[in-house]
Structure formats: C-alpha cells, structure tokens
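Numbering (my numbering), first residue to last: 112 to 453. In this text, a Cβ means the ideal position worked out from N, Cα and C, and glycines have one as well.
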C-alpha cells in the first residue's frame with residue numbers, strides 16, 4: 112500500500128481542511144495510506160506526525176484553518192535540515208509528499224526534488240499570486256470577507272460623512288484589493304502593481320464631494336507604494352525564515368497625509384488575519400476537493416515535482432519550476448477596473 116505524507120505550511124486560508132479531507136478520502140479509495148506532518152515543514156524536519164484516517168477528517172470540510180497546524184519553518188535555514196527531512200520521510204516509509212501552501216512552502220518542496228523527494232504541491236494562499244493557476248485555494252473565501260467588510264464600512268462612512276480606508280493583504284499582487292474593491296464598491300482602489308499618488312487620491316475624494324457624495328471608501332493592498340518612495344511600508348521588527356519583512360502601515364500612511372489635506376480625521380481599518388479566517392466558500396470547498404483528489408491522482412501516475420492547478424474547468428499538473436519561476440501580478444487587461452466609474 113502506498114504511503115503519503117501531507118503538510119500545510121505558511122499562512123493559512125479557508126479550504127485547507129477540505130483539501131486534507133479530499134486527500135485522505137480519495138487516497139483511501141485508491142489504497143493510499145496518509146499521514147499528516149504537524150506545523151508545516153517543522154513536521155518532517157522534527158518528525159512530528161500523526162496518522163490521518165477517514166475518521167480523522169470527518170466533519171472538517173467547513174472548518175477554516177488547518178487541523179495539522181502551520182509554521183513558516185524553512186528546513187534549508189537549518190544546518191542539515193534537508194537531509195533530516197529526507198531521513199524522516201524514509202524512516203516513515205513514505206512514497207511521496209503533498210505540500211499545501213504558498214510559494215515559500217512549494218519552493219521547499221521543489222528544492223527537495225534535488226534530494227530525491229517526490230513531492231506534489233497544492234497552491235494555497237489568499238493572495239492568488241501563484242502563476243499558471245486561475246485561482247489559489249482560499250482566495251475567493253477571503254474575497255467574500257473583504258466584500259462583507261466594505262459593505263459594513265459603507266453604512267458607517269455614509270452615516271458620519273467620513274473617509275475610511277480598508278487595508279487588505281497583498282504583498283506583491285493586488286488581486287484582493289482590486290477584486291474586493293470592485294465587489295464592495297470602493298471609491299479608490301490601490302494595488303502594488305501601480306504606485307499611488309496622494310494628490311490623485313485627494314482629487315478623487317473632492318470630486319465625489321462636488322457630486323454630493325459626502326463619504327469615500329479607499330481600499331489598499333498592504334504592498335502598495337506611494338510614488339517616489341522606494342520600497343514598501345514595512346514593520347522592520349519581524350522577519351520570517353524566508354526573509355519576508357512584515358508589511359503593515361500603508362493604510363495609516365495614506366490616512367495621515369489625507370488628514371493633513373482635508374483638515375479632518377481619516378480612519379483606517381486593517382482586516383489583517385480576519386481575511387484568513389472563517390469557513391471556506393462553496394467554490395473553495397469544491398476547489399480544495401478537486402486539488403486534493405488531483406494530487407493523489409498525479410502521484411499514482413508518477414507525476415512529481417508539480418503542483419495542482421485549475422485552468423478553465425480542468426485540474427492539471429504544472430511543474431513547480433514553471434509555477435514558481437515567474438510572478439503573478441494582476442493581469443494588465445484587468446487594470447481598467449481601478450478607474451472603472453470615473
């Protein structure tokens with residue numbers, strides 16, 4: 112009987128548990144035994160694991176987060192870490208490994224191919240910034256949360272005639288800000304792909320006032336940058352094992368400068384980890400189920416060092432080297448939506 116290991120790494124998103132459920136159930140159907148590694152890459156690094164049976168994954172389809180836990184552990188930052196991962200996979204007689212996560216998690220899986228590890232990735236990130244898949248797991252669930260937040264902010268902004276700023280995730284790609292802004296009716300949408308100008312934002316707000324619109328909603332991705340400023344607004348106190356500084360503060364940066372021009376307070380709401388939480392949307396439950404089954408199917412067909420991807424209506428294997436070899440910013444033909452109603 113083939114044995115598979117599975118782990119969930121990096122930032123969580125709704126739909127991970129649905130993918131685990133699918134891997135275990137579809138695996139059992141095809142005679143594959145599954146074990147789960149705990150806390151991302153820390154699991155195979157330190158041999159932290161547990162069996163995963165159909166009973167273990169029963170009732171988790173609708174639950175957010177990950178029952179296996181997660182971390183930003185990078186085994187390549189530990190001396191001999193890659194070799195320890197390989198050793199623990201061999202000790203547990205695992206035939207292949209499924210890694211669920213974003214580009215960092217999938218990047219480790221790809222590098223381990225050089226050590227003989229047979230791995231398959233499932234692209235999971237609310238940022239939707241992994242290439243060659245139409246959607247990443249968790250994106251549309253996070254989009255629901257952002258849209259709901261904008262709906263709620265509209266009522267209070269209109270009641271108090273305020274300018275409100277909503278800061279959302281999106282380090283290098285503005286999918287959440289753009290699509291959330293359109294779905295939630297934001298008046299100004301800012302994304303990392305297009306540097307913003309404070310004076311331009313101010314003029315848009317003043318034009319609304321001329322039209323008797325006494326409130327405005329601005330949505331901004333955390334990785335957005337003002338014109339003339341090198342680099343993103345960051346929190347230098349926190350750097351993870353993959354070298355990423357914690358972003359944060361661009362919403363307040365904009366609010367401070369708008370307040371100076373408008374002579375009134377501008378309020379900021381940062382959705383932060385709320386975007387990752389909650390139950391997965393119906394689409395993400397279906398996508399997770401298809402990704403999980405696809406990963407098992409690829410493994411049984413001896414197709415490794417790939418990730419599952421949805422292209423149109425099909426689940427296809429994409430080489431990790433290809434998927435991770437390029438960025439996935441917002442498509443240029445969608446940028447017109449930034450100024451759709453001006």
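Within the same chain, show all residues whose beta-carbon is closer than 6 Å to that of residue i, passing over the 5 residues directly before and after it, in chain order.
| i | result |
| --- | --- |
| residue 207 | 115, 229, 410 |
| residue 298 | 327, 328 |
| residue 195 | 156 |
| residue 213 | 121, 236 |
| residue 220 | 210, 230, 232 |
| residue 292 | 300, 330 |
| residue 290 | 254 |
| residue 179 | 119, 147, 149 |
Once DSSP output is grouped into helix, strand and coil, what is the label at residue i?
| i | result |
| --- | --- |
| residue 370 | helix |
| residue 448 | helix |
| residue 230 | strand |
| residue 144 | strand |
| residue 192 | helix |
| residue 347 | Caution applies to residue 347, whose pLDDT of 48 falls short of 50 and renders its modelled position unreliable; the value that the coordinates give is listed next. Strand, per DSSP. |
| residue 177 | coil |
| residue 128 | helix |
| residue 246 | coil |
| residue 224 | helix |
| residue 136 | helix |
| residue 119 | strand |
| residue 216 | helix |
| residue 340 | coil |
| residue 253 | helix |
| residue 332 | strand |
| residue 184 | coil |
| residue 158 | coil |
| residue 258 | helix |
| residue 163 | strand |
| residue 199 | helix |
| residue 385 | helix |
By alpha-carbon positions, which one of the options ends up nearest to residue i?
| i | options | result |
| --- | --- | --- |
| residue 381 | 288, 272, 439, 214 | 288 |
| residue 209 | 231, 217, 192, 227 | 231 |
| residue 340 | 323, 318, 364, 317 | 364 |
| residue 227 | 203, 245, 235, 198 | 198 |
| residue 159 | 235, 117, 262, 396 | 117 |
| residue 238 | 257, 128, 423 | 257 |
| residue 125 | 301, 220, 393, 315 | 393 |
| residue 422 | 290, 416, 434 | 434 |
| residue 436 | 417, 204, 165 | 417 |
| residue 337 | 317, 360, 309 | 309 |
| residue 385 | 234, 216, 123, 300 | 123 |
| residue 405 | 452, 332, 234, 174 | 234 |
| residue 142 | 127, 119, 113, 165 | 113 |
| residue 281 | 419, 387, 265 | 387 |
| residue 175 | 407, 391, 408, 450 | 391 |
| residue 278 | 362, 205, 315 | 362 |
| residue 260 | 439, 451, 383 | 383 |
| residue 270 | 252, 254, 324, 294 | 324 |
| residue 268 | 285, 420, 296, 321 | 296 |
| residue 389 | 254, 240, 204, 245 | 254 |
| residue 205 | 177, 161, 218 | 161 |
| residue 140 | 321, 408, 217 | 408 |
Give every residue of the same chain whose Cβ lies closer than 8 Å to the Cβ of residue i, excluding the five residues on either side of it in the sequence, and list them in chain order.
| i | result |
| --- | --- |
| residue 378 | 273, 274, 275, 276, 366 |
| residue 263 | none |
| residue 313 | 369, 372, 373 |
| residue 414 | 231, 428 |
| residue 193 | 186, 187, 222, 223, 226 |
| residue 248 | 124, 126, 127, 130, 211, 233, 234, 235, 236, 395, 398, 399, 402 |
For residue i, collect the residues of the same chain with a Cβ closer than 7 Å to its Cβ; drop the 5 residues on either side in sequence, then sort them by chain order.
| i | result |
| --- | --- |
| residue 145 | 115, 117, 134, 135, 138, 163 |
| residue 430 | 416, 417 |
| residue 200 | 116, 155, 208, 228 |
| residue 246 | 239, 398, 421 |
| residue 439 | 240, 241, 242, 284 |
(request) Mind listing, in chain order, the continuous beta strand (DSSP E) runs of no fewer than 3 residues lying wholly within the segment 261 to 306? (result) 274 to 279, 299 to 301
(request) Check whether the segment 435 to 446 touches the segment 291 to 309, taking contact to mean three or more Cβ pairs, one atom from each stretch, closer than 8 Å. (result) yes
(request) Indicate whether the contact test is met: 3 or more Cβ pairs, each with one atom in the segment 132 to 148 and one in the segment 157 to 177, closer than 8 Å. (result) yes
(request) Evaluate the contact criterion for the segment 144 to 152 versus the segment 177 to 191: three or more CB pairs, one atom per stretch, below 8 Å. (result) yes
(message) Quick check for students: name the residue ranges of the alpha helix (DSSP H) that lie wholly in the segment 400 to 443, counting only runs of 4 or more.
(response) 431 to 434
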